[in-house]
Amino acid sequence: MSRLISNAICSNACSTVRRFIALGCLALACLISLQSLQAQAAPQVAAVVDTAHASFPGAVGWAAQTPGGRGGKIIRVTNLNADGPGSLKEAIETAGPRIVVFEVGGVIDLKRSTLTIREPFITIAGQTAPSPGITIIRGGLIVRGHDAIIRHLRVRTGVDGQPKRSGWEEDAFSTSSAHDVIVDHCSFSWAIDENMSASGPRFNGNTPEEWRKGTSYNVTFSYNLAAEGLAEASHSKGEHSKGSLVHDNVTNILFYRNIFAHNVERNPLFKGGVRGSVINNLIYDPGRRAIHYNLMALEWGTHAYQNGQLSAVGNVMRGGLSTKGKLPFMTLGGDGDLEYYAKDNTAVDKYGMPLPLFGRYGETQAKLISMSEPVAWPAGIAVMPSHDVEKYLLQYAGARPWDRDADDTRVLYFVAEGQGKIINDENEVSGYPKQNEVHAPFVDAEWGMDNMEPRSGIYPQPRKRK
1493 MSRLISNAIC SNACSTVRRF IALGCLALAC LISLQSLQAQ AAPQVAAVVD TAHASFPGAV
1553 GWAAQTPGGR GGKIIRVTNL NADGPGSLKE AIETAGPRIV VFEVGGVIDL KRSTLTIREP
1613 FITIAGQTAP SPGITIIRGG LIVRGHDAII RHLRVRTGVD GQPKRSGWEE DAFSTSSAHD
1673 VIVDHCSFSW AIDENMSASG PRFNGNTPEE WRKGTSYNVT FSYNLAAEGL AEASHSKGEH
1733 SKGSLVHDNV TNILFYRNIF AHNVERNPLF KGGVRGSVIN NLIYDPGRRA IHYNLMALEW
1793 GTHAYQNGQL SAVGNVMRGG LSTKGKLPFM TLGGDGDLEY YAKDNTAVDK YGMPLPLFGR
1853 YGETQAKLIS MSEPVAWPAG IAVMPSHDVE KYLLQYAGAR PWDRDADDTR VLYFVAEGQG
1913 KIINDENEVS GYPKQNEVHA PFVDAEWGMD NMEPRSGIYP QPRKRK
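Count the sequence shown with this note's numbering and you get residues 1493 to 1958, in order.
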């Protein structure tokens, strides 16, 4: 079976890469050989405190035990329409605990609109879709509720021909005043604002504790690909190629084993008072900032400043063609102090030469408070050495790693080869994907309904290409 899986992946990847690089097949085949594609998703090496109640095998962070839609109704998405009966939107807007599965694969065109999850207790199981899976274009996804699990979706927002600074400012994915949310094995690209973010009001309430409860908290981003945020596109502020914004006072935020590629900055950005961890991520070709922290006095006014807390462990930053010279791994700006724990982070330029691990922007009063022990650290988290991160994530991060689409394959190939750059328009690389609509029934008995993993251990496979 493993030989069949490897053959399917190699065939899929090679046919894709030919579209971009004449020698792509050979290079990617070498990469796959090194990675020994012996599994379809990441091995279950990340422990949680209570694995019996984990959201799914390998779930990590403060949200690791959210039930999502466990025990609720099964809602089948049967078409690729932007709305109406049988659509993803209808499933999302249904009240009550629910597990959203797919009997269709292909592209959902939102026509410059947003899918909003308000109703709590939902699992969106993109892994159940037949090949090529689900890709959302011309829009984004936002969670405004709680207890949500979203896995194996692709969101490719794009500027869609809108004039520069015209006001089309969509995130690919974000949360707003949401809590207990896991976003796992998804691919986000071509956002006009951020590719994947956690947000909400800064000061909803009278005390810092109330502020933290009034915005997003307990959010995990794991094994995602956040790539090619569009720079000079339709955002009203102009340049806006951003990876991840974590808004002021967001608490218990975890970035675990994600790939950030070709974003100008915010890889991620923690704003004032944020508390969270950045563990085993790969940051490739950041433009002018990789990880940074910034409490802005102009935004906080007379509110009492809160210390931020950030643990950064086992991450890799590699400069690329778009990276400014001598870019630090982490930079501190603004006026608020940051409690910072760092260990085993690697930062190199495009030639493999060392880059600084810390820097500043702005002549401000912010203090870096170096901590001897981790802060804002999730219990039971597994950490791999930074020298293992790149190879591992190129194999396992992003949506449906057993069934890559053309754009994910291209981005990952460029990361491996030190190629690619920050872009302004999706048409500079490939444009919106065109995929045939595919249908296949969802069979309940083939899936573990408590965690939405296939009972056989085998995910829906790509169809053989003629």
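Cβ atoms here follow ideal geometry from the backbone N, Cα and C, with glycine treated the same way.
All values derive from a computational prediction rather than experimental measurement.
- Cβ atoms of HIS1644 and GLY1632 stay farther apart than 8 Å, at about 17 Å.
- Assignment of alpha helix (DSSP H) within the region 1836–1889, counting only whole runs of 4 or more residues, yields 1881–1888 in chain order.
- Around the beta carbon of ILE1950, fewer than 16 other beta carbons sit within 10 angstroms, so the residue counts as exposed.
- Around the Cβ of LYS1734, a 10 Å sphere holds 16 or more other Cβ atoms; the residue is buried.
- Rounded to whole angstroms, the gap between the alpha carbons of TYR1715 and HIS1677 is 5 Å.
- Residue state for GLN1619 is assigned as helix, using DSSP reduced to three classes.
- Boundaries of the alpha helix (DSSP H) harbouring ILE1584: 1580–1585, taken from the DSSP string.
- Between GLY1854 and GLY1800, the C-beta gap is not smaller than 8 Å, which leaves the two residues out of contact.
- Under the three-state reduction of DSSP, VAL1742 is assigned to coil, being neither helix nor strand.
- Beta-bridge annotation (DSSP): TRP1660 is not paired with any residue.
- Counting the other Cβ atoms within 10 Å of the Cβ of GLY1692 gives 16 or more, which makes it buried.
- Of the candidates GLY1598, TYR1776, LYS1729 and GLU1831, TYR1776 places its Cα closest to the Cα of GLY1844.
- The residue among GLY1597, GLY1563, GLU1611 and VAL1599 with its C-alpha nearest the C-alpha of ALA1583 is GLU1611.
- By alpha-carbon distance to GLY1923, the top candidate from LEU1904, HIS1545, ILE1629 and GLY1560 is ILE1629.
- With a contact defined as Cβ atoms closer than 8 Å, ALA1718 and ASN1687 qualify at about 4 Å.
- Ranked by Cα distance from ALA1617, the options PRO1946, ASP1575 and LEU1787 are led by PRO1946.
- VAL1635 and PHE1747 have their alpha carbons spaced roughly 17 Å apart.
- Pairing GLY1578 with VAL1596, the inter-Cα distance amounts to about 10 Å.
- Separation of GLY1564 and ILE1591 (C-alpha to C-alpha, rounded to the nearest whole angstrom) is 6 Å.
- Contact between the region 1873–1886 and the region 1794–1811 is present: three or more C-beta pairs spanning the two stretches fall below 8 Å.
- Distances from the alpha-carbon of ARG1657 to those of GLY1826, ASP1917 and TRP1894 put ASP1917 closest.
- Per the coordinates, the alpha-carbon of ILE1642 lies some 36 Å from the alpha-carbon of ALA1858.
- For TYR1776, there is no enclosing alpha helix (DSSP H); the residue is found in the beta strand (DSSP E) stretching over 1774–1776.
- Taking all protein chains shown into account, SER1679 has 16 or more neighbouring C-beta atoms within 10 Å of its C-beta and is therefore buried.
- Counting along the chain, ARG1630 sits inside the beta strand (DSSP E) bounded by residues 1626–1635.
- DSSP places ASP1899 in the uninterrupted alpha helix (DSSP H) bounded by 1898–1909.
- Taking a C-beta distance under 8 Å as the contact criterion, ALA1782 and LEU1813 do not qualify as a contact pair.
- Going by DSSP, ARG1604 is part of the beta strand (DSSP E) stretching over 1596–1609.
- Distance check between ARG1780 and each of LEU1761, ASP1740 and SER1769 places LEU1761 closest, using alpha-carbon atoms only.
- Counting along the chain, the unbroken alpha helix (DSSP H) around LEU1790 starts and ends at 1789–1792.
- Contact check for ARG1568 and VAL1593: beta-carbon distance about 6 Å, within the 8 Å limit, so the pair qualifies.
- For ALA1640, the closest of ARG1955, THR1699, VAL1711 and LEU1580 by C-alpha to C-alpha distance is VAL1711.
- Around the Cβ of VAL1935, a 10 Å sphere holds fewer than 16 other Cβ atoms; the residue is exposed.
- By DSSP's assignment, TRP1939 forms a beta bridge with PRO1946.
- In the pairwise beta carbon analysis, the region 1743–1758 is classified as touching the region 1899–1912: at least three pairs are separated by under 8 Å.
- Excluding five sequence positions before and after PRO1848, the CB atoms of its chain that fall closer than 6 Å to its own CB belong to PRO1820, given in chain order.
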